[in-house]
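Inspection log for the structure reproduced underneath, given as structure tokens.
Residue numbers (the UniProt record's numbering): 1 to 311.
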């Protein structure tokens with residue numbers, strides 16, 4: 001592929017994007033110019049490739065290239081690029097590359113690969129490898145810089161895993177994972193998703209209990225300020241009313257509707273229960289240890305709930 005000509009020095013970037021373009025005339029700087037100033041995404045992809053091949057800010061170039069390729073709809077190519085080139089990036093970049101891959105898997109409907117990667121992230125947390133052994137990490141949420149704890153990250157990953165199971169219509173697995181996520185760091189959004197999972201299983205009374213807790217303010221509602229949670233609860237309650245009305249069609253749930261293999265159920269029954277590690281969980285953040293011993297990062301849960309999950 002022939003690379004585009006160097007951007008004209010007379011073309012200036014708007015103030016709000018100028019700070020995002022590195023100084024100089026190297027491949028990465030040119031790629032960012034074509035991405036942010038010229039808005040020529042295909043040209044920026046070509047220059048990101050050049051930056052990677054010449055060793056110019058390889059980790060940033062790979063991440064940015066994957067994002068731009070997603071914008072252009074080159075999802076498979078972006079996935080292949082991240083998987084084949086991530087070994088060129090430092091260890092500190094691997095977690096963000098995982099997050100980019102998860103986004104690409106979700107956008108392309110590759111749910112099975114998304115689930116496997118989410119499981120791998122949970123294993124890293126369980127082994128004490130999350131955040132490179134630190135108690136928190138810096139992240140961005142709605143444009144704001146925030147600190148995320150291991151507890152919050154675990155619940156977030158579990159919530160994403162449960163939603164992926166929902167996409168496979170494996171609602172029993174999704175319920176198990178949602179309930180564990182709520183035990184770790186409960187919030188209103190995951191509660192609504194759990195209610196949806198219960199509705200899909202025709203367990204309408206159980207769903208109503210969960211939604212009643214949301215309306216009673218028993219969960220943190222991160223989206224409360226714009227009414228998203230209230231609208232979501234209203235939609236779910238309307239769906240329950242529709243199914244409970246005469247002729248509503250609230251048929252019995254058959255357990256599995258997606259036709260997926262038993263591998264995910266095996267993971268939920270075996271490894272998920274191991275992750276809960278009832279016997280040895282006393283605190284959340286422990287010092288990072290380079291050993292094969294698994295860290296007890298999951299809270300102790302009641303024997304009753306263990307029996308429910310083992311069913």
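The beta carbon of each residue, even a glycine, is placed where N, CA and C say it ideally should be.
A quick note: this is a predicted structure, and the numbers were derived from the prediction, not measured.
Can you look up residue 278 in the DSSP assignment and give me helix, strand or coil? Residue confidence is low: residue 278 scores 33 on pLDDT, short of 50, so the model does not pin down where it sits. No coordinate-derived value is stated.
For residue 54 and residue 85, I'd like the C-alpha separation in whole angstroms. Spanning the two alpha carbons is a distance of roughly 13 Å.
Mind the definition here: the segment 117-125 touches the segment 70-90 only if three or more C-beta pairs lie below 8 Å; say whether that holds. No, because fewer than three Cβ pairs between the segment 117-125 and the segment 70-90 fall closer than 8 Å, the two stretches do not touch.
In whole angstroms, give me the CA-to-CA distance for residue 66 and residue 78. Answer to the nearest angstrom: the Cα atoms are 5 Å apart.
When DSSP builds the beta bridges, which residues end up paired with residue 146? Listed as beta-bridge partners of residue 146 by DSSP are 139.
Residue 104: which of 206, 159, 195, 64 sits nearest, CA to CA? Comparing C-alpha distances from residue 104 to each of 206, 159, 195, 64 shows the shortest one belongs to 64.
If I follow the unbroken alpha helix (DSSP H) through residue 25, where does it start and stop? From DSSP, residue 25 is part of no alpha helix (DSSP H); its letter is neither H nor E.
Please report the Cβ distance between residue 214 and residue 192, rounded to the nearest whole angstrom; I am assuming they are in contact, meaning their Cβ atoms lie under 8 Å. Contact between residue 214 and residue 192 is confirmed by a C-beta separation of about 6 Å, below the 8 Å threshold.
So, with DSSP's three-state summary, where would you put residue 95? The answer is helix: DSSP assigns residue 95 an H, G or I state.
My understanding is that residue 102 touches residue 118, with C-beta atoms under 8 Å, so please give their C-beta distance in whole angstroms. About 7 Å separates the two Cβ atoms, so the contact holds.
Judging by CA-CA distance, which residue of 200, 35, 234, 36 is the nearest neighbour of residue 170? Closest by C-alpha distance to residue 170, out of 200, 35, 234, 36, is 200.
What ranges does the alpha helix (DSSP H) occupy inside the segment 159-244, keeping only unbroken runs of at least 4 residues that lie completely in it? Listed in chain order, they are 171-184, 188-200, 204-215, 228-244.
Boundaries of the alpha helix (DSSP H) in which residue 77 is found, first to last residue: 75-85 is the extent of the alpha helix (DSSP H) around residue 77.
Between the alpha carbons of residue 163 and residue 71, how many angstroms are there, rounded? Linking residue 163 to residue 71 through their CA atoms gives a straight-line distance of about 23 Å.
With distances taken between CB atoms, is the gap from residue 135 to residue 150 smaller than 8 Å? Yes.
Measuring straight from C-alpha to C-alpha, what distance separates residue 36 and residue 28? Spanning the two alpha carbons is a distance of roughly 12 Å.
Cα-Cα separation between residue 96 and residue 188, rounded to whole angstroms: Straight-line spacing of the CA atoms in residue 96 and residue 188 works out to 26 Å.
Compute the beta-carbon to beta-carbon distance between residue 93 and residue 59, rounded to the nearest angstrom, for a pair I have assumed lies under 8 Å. So it is a contact: roughly 4 Å between Cβ atoms.
Min CB distance residue 74 to chain C below 8 Å: Among the chains in the structure shown there is no chain C, since it carries only a single protein chain.
I'd like to know whether the C-beta atoms of residue 197 and residue 174 end up nearer to each other than 8 Å. With a cutoff of 8 Å on beta-carbon distance, residue 197 and residue 174 are scored as near each other.
If the criterion is Cβ atoms closer than 8 Å, does the pair residue 219 and residue 186 meet it? Yes, the pair counts as a contact, with Cβ atoms nearer than the cut-off.
Which same chain residues end up closer than 7 Å to residue 20 when comparing Cβ atoms and leaving out the 5 residues on each side of it in sequence? Taken in chain order, the residues that qualify are 32, 36.
Can you tell which of 168, 184, 91, 234 has its C-alpha closest to the C-alpha of residue 195? Among 168, 184, 91, 234, the Cα nearest to that of residue 195 belongs to 234.
Go ahead and label residue 56 buried or exposed: buried means 16 or more other beta carbons lie within 10 angstroms of its beta carbon, across all protein chains shown. Here residue 56 is buried: its Cβ has 16 or more other Cβ atoms, across all protein chains shown, within 10 Å.
Helix, strand or coil for residue 52 per DSSP? Of the three classes helix, strand and coil, the one that applies to residue 52 here is helix, per DSSP.
Might you give, ordered along the chain, the residues of its own chain that have their beta carbon closer than 8 Å to the beta carbon of residue 111, omitting 5 neighbours on each side? Excluding sequence neighbours, residue 111 sits near 105, 164, 167, 168.
Residues of its chain near residue 236, where Cβ-Cβ distance is below 8 Å and the 5 sequence neighbours each way are ignored: Excluding residues within five positions, the ones whose Cβ falls inside 8 Å are 192, 195, 196, 199, 207, 211.
Over the uninterrupted alpha helix (DSSP H) stretch that includes residue 130, give me the two end residues. In this chain, residue 130 is not harboured by any alpha helix (DSSP H), its DSSP state being neither H nor E.
Can you say whether residue 232 is buried or exposed, counting buried as having 16 or more other CB atoms within 10 angstroms of its CB? The C-beta of residue 232 has 16 or more other C-beta atoms within 10 Å across all chains shown, which makes the residue buried.
Please list the terminal residues of the continuous alpha helix (DSSP H) segment that includes residue 68. Where residue 68 is concerned, the enclosing alpha helix (DSSP H) stretches over 58-72.
Going by C-alpha to C-alpha distance, which of 217, 76, 244 sits closest to residue 203? A check of alpha carbon separations from residue 203 across 217, 76, 244 identifies 244 as the nearest.
Just tell me which of 50, 39, 87, 52 has its CA closest to the CA of residue 68. Comparing Cα-Cα distances from residue 68 to each of 50, 39, 87, 52, the minimum goes to 39.
Identify which residue in 42, 190, 147 has its Cα closest to the Cα of residue 159. With distances taken between CA atoms, residue 159 lies nearest to 190 out of 42, 190, 147.
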